[in-house]
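Structure, as structure tokens:
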Amino acid sequence: MSENTPQAAEQPAAVMDPGSAAKDRNRVIIRTSVIGILTNVFLAAFKAAVGLLSHSIAVLLDAVNNLSDALSSVITIIGTRLAGRAPDRKHPLGHGRIEYISAMIVAAIVLYAGVTSLVESVKKIITPEAADYSTISLIIISVAIPVKLILGHYVKSMGKKVNSDALIASGSDAWFDAILSASVLASAIIFLITGVSLEAWVGALISAFIIRAGIEMMKDTISEILGRRADPEVTSAVRRLLTDEPEILGAYDLILHNYGPNRNYASVHVELADTMTVEEVDRLTRRVEERVYRETGVILTGVGVYSRNTRDDEAARIRNRVQQMVLEHDWALQLHGFHADPAEKTMRFDVVISFDISPKEGLEILYREIGEAFPDYTVRIVPDADIAD
Numbered sequence: 025m026s027e028n029t030p031q032a033a034e035q036p037a038a039v040m041d042p043g044s045a046a047k048d049r050n051r052v053i054i055r056t057s058v059i060g061i062l063t064n065v066f067l068a069a070f071k072a073a074v075g076l077l078s079h080s081i082a083v084l085l086d087a088v089n090n091l092s093d094a095l096s097s098v099i100t101i102i103g104t105r106l107a108g109r110a111p112d113r114k115h116p117l118g119h120g121r122i123e124y125i126s127a128m129i130v131a132a133i134v135l136y137a138g139v140t141s142l143v144e145s146v147k148k149i150i151t152p153e154a155a156d157y158s159t160i161s162l163i164i165i166s167v168a169i170p171v172k173l174i175l176g177h178y179v180k181s182m183g184k185k186v187n188s189d190a191l192i193a194s195g196s197d198a199w200f201d202a203i204l205s206a207s208v209l210a211s212a213i214i215f216l217i218t219g220v221s222l223e224a225w226v227g228a229l230i231s232a233f234i235i236r237a238g239i240e241m242m243k244d245t246i247s248e249i250l251g252r253r254a255d256p257e258v259t260s261a262v263r264r265l266l267t268d269e270p271e272i273l274g275a276y277d278l279i280l281h282n283y284g285p286n287r288n289y290a291s292v293h294v295e296l297a298d299t300m301t302v303e304e305v306d307r308l309t310r311r312v313e314e315r316v317y318r319e320t321g322v323i324l325t326g327v328g329v330y331s332r333n334t335r336d337d338e339a340a341r342i343r344n345r346v347q348q349m350v351l352e353h354d355w356a357l358q359l360h361g362f363h364a365d366p367a368e369k370t371m372r373f374d375v376v377i378s379f380d381i382s383p384k385e386g387l388e389i390l391y392r393e394i395g396e397a398f399p400d401y402t403v404r405i406v407p408d409a410d411i412a413d
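Note that the numbering used here has the sequence shown beginning at 25, numbered continuously upward.
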């Protein structure tokens, strides 16, 4: 990347400041998590007091469950603070991925809660116990349901707003608690009216849903750590900003490297006319690096260049024919970076190959077909993976 880095660029007042946005995001996550901690500690204290006064072990265990929910929020805060640490020599691209680890821990807590609930439900199914719904326990459940629903909705919505997997997982956990409590309350009402106890069966069913949700949360977080496909909205925005420049004839090979939520580094190839000078290319790449950073927060760490023939009609004719031949294959998604030299009898281009065929097999087909159509030419084809939309 050029010495005039995007970070150092002067930023107009009307344009997004990614550094400020990151600080605001961290404040939202921490504030939301603190609200979750306070709510769960209040519920835990309330349930513990009632449990001690009524000598109810079940109510005391429910209080402990609220403390585990508060622990999820504590983990989210710790993860956010650690992820917000400045880059250092050992971690020059920052510590943002710590957020994914904290989200995985929260997902593990959700999964553990689902498994333990399922185990207890199955025990009650195998060895039924006479239901004993005291007035106190029903009051506690009735109070906890709306509190947990409101808390879950708030935490989850804030998590989606600031793109925090840990907050989303914590919000889902609160929802699951509310649903589980609601099922217990419904089962209690049915039992008091009909004498039929459904609590264990309903608990087992809801526990299965919680386990499934915990597994999905875990899979999503692992996917982020492994490196998932880039957000189409981000890639489209970057490509739009690049191709808005009149000198840029196309933007290709965009690769986003994610180092935590909203922390993206990228590289790209732009297609330029073969008449541009190095000085003109330098000014252009500096300008687009700064603009992309200011408007999307994505840091372009490298801008490569493809040269397009603009002074040779024969080269343009060859390009059109080759492009038609290549794109006849469903697995050939795009051709770019084409350059032909009729005098030297050479051509080169890149082809984006889908995951429906191996790159080796695709190249063999293209080399054979292009070689038969242009036997006098030396052909060089570079395979590109279908990395981004």
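Every residue, glycine too, gets a C-beta built ideally from N, C-alpha and C.
Check                                                                                                                    : Outcome
N187, DSSP secondary structure in three states                                                                           : coil
I249: CB within 7 Å of a non-hydrogen atom of the ligand MG                                                              : Among the components of this structure there are no ligands whatsoever, and the ligand MG is therefore not found.
Start-to-end residues for the alpha helix (DSSP H) that takes in N344                                                    : 337 to 350
Nearest to N64 (by Cα), restricted to the options I54, D400, R49, D93                                                    : D93
Where R311 falls: helix, strand or coil (DSSP)                                                                           : helix
Three-state secondary structure assigned by DSSP to I411                                                                 : coil
Cut-off 6 Å between Cβ atoms - residues of its own chain near I133, not counting five sequence neighbours on either side : S96
Residue burial classification, L278 (beta-carbon count within 10 angstroms, cutoff 16)                                   : buried
Whole-angstrom distance between L222 and I149, CA atom to CA atom                                                        : 9 Å
T218, buried or exposed, once every other Cβ within 10 Å from all chains shown has been counted against 16               : exposed
Cβ shell of D201 (< 6 Å), same chain only, five flanking positions each side left out                                    : K172
CB contact flag (G118, P111, <8 Å)                                                                                       : yes
Rounded C-alpha distance that separates S196 from G176                                                                   : 6 Å
Cβ neighbours of V305 in the same chain (closer than 8 Å, five flanking residues each side left out)                     : L296, V329
Three or more C-beta pairs below 8 Å linking the stretch 373 to 387 and the stretch 340 to 356                           : yes
Residue range of the alpha helix (DSSP H) that includes E271                                                             : It is not in any alpha helix (DSSP H) - E271 carries neither H nor E in the DSSP assignment.
Straight-line gap, V88 to A68 (C-alpha atoms, nearest Å)                                                                 : 7 Å
Beta carbon of V294 nearer than 8 Å to that of A275                                                                      : yes
Option in I53, T334, R318 with minimal Cα separation from G183                                                           : I53
For F233, the first and last residue of its enclosing beta strand (DSSP E)                                               : Looking at the DSSP string, F233 is not in any beta strand (DSSP E); the run it does join, the alpha helix (DSSP H), is 223 to 250.
Cross-strand partners of T402 (DSSP beta bridge)                                                                         : T370
Close-in-space but distant-in-sequence residues of the same chain around D400 (CB under 6 Å, 5 per side omitted)         : K369
Terminal residues of the alpha helix (DSSP H) in which A127 lies                                                         : 122 to 150
For M128, the nearest candidate out of S194, A254, E385 (CA to CA)                                                       : S194
Backbone CA spacing between F66 and T100 [nearest angstrom]                                                              : 19 Å
Euclidean distance between Cα positions of D189 and L351                                                                 : 39 Å
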